[in-house]
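The next block holds one structure in the form of structure tokens; read it before the comments.
In the working numbering, the protein residues as written are 717 to 803.
In structure tokens form, the structure reads like this:
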């Protein structure tokens with residue numbers, strides 16, 4: 717799995733920042749989901765993460781918790797580290 721892009725944008729009329737991470741070369745969305753839950757916590761409880769994708773390209777979005785782009789990049793890279801050693 718590789719990070720294709722990481723972006724953030726303010727949602728108009730709110731204080732919320734939408735974080736979007738695009739991953740490619742995803743071999744298992746089940747493993748991806750587990751890694752992200754380990755990194756961000758449980759959707760609906762600890763965050764509002766949403767995963768959308770098909771095949772080997774997946775898009776992850778959330779507004780909570782809020783991190784800078786650099787923090788997000790580091791968090792996702794750390795979450796994917798176990799996969800890098802298996803591939």
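Don't be surprised by glycine CBs; every beta carbon is placed ideally from N, CA and C.
Would you kindly report the start and end of the unbroken alpha helix (DSSP H) that includes residue i?
{"i": "residue 751", "result": "745-756"}
For residue i, tell me which candidate among the options has the shortest Cα-Cα distance.
{"i": "residue 763", "options": "770, 782, 771 and 729", "result": "782"}
{"i": "residue 767", "options": "793, 735 and 786", "result": "735"}
{"i": "residue 745", "options": "797, 771 and 788", "result": "771"}
{"i": "residue 788", "options": "731, 741, 752 and 747", "result": "752"}
{"i": "residue 722", "options": "784, 743 and 756", "result": "784"}
{"i": "residue 793", "options": "726, 773, 729 and 737", "result": "737"}
Does residue i come out as helix, strand or coil in the three-state DSSP assignment?
{"i": "residue 732", "result": "coil"}
{"i": "residue 738", "result": "strand"}
Can you give me the start and stop residues for the beta strand (DSSP E) that residue i sits inside?
{"i": "residue 719", "result": "718-726"}
Return the chain-ordered ranges of every alpha helix (DSSP H) run that is complete within the stretch 760-800 and spans a minimum of 4 residues. Complete alpha helix (DSSP H) runs here, min 4: none at all.
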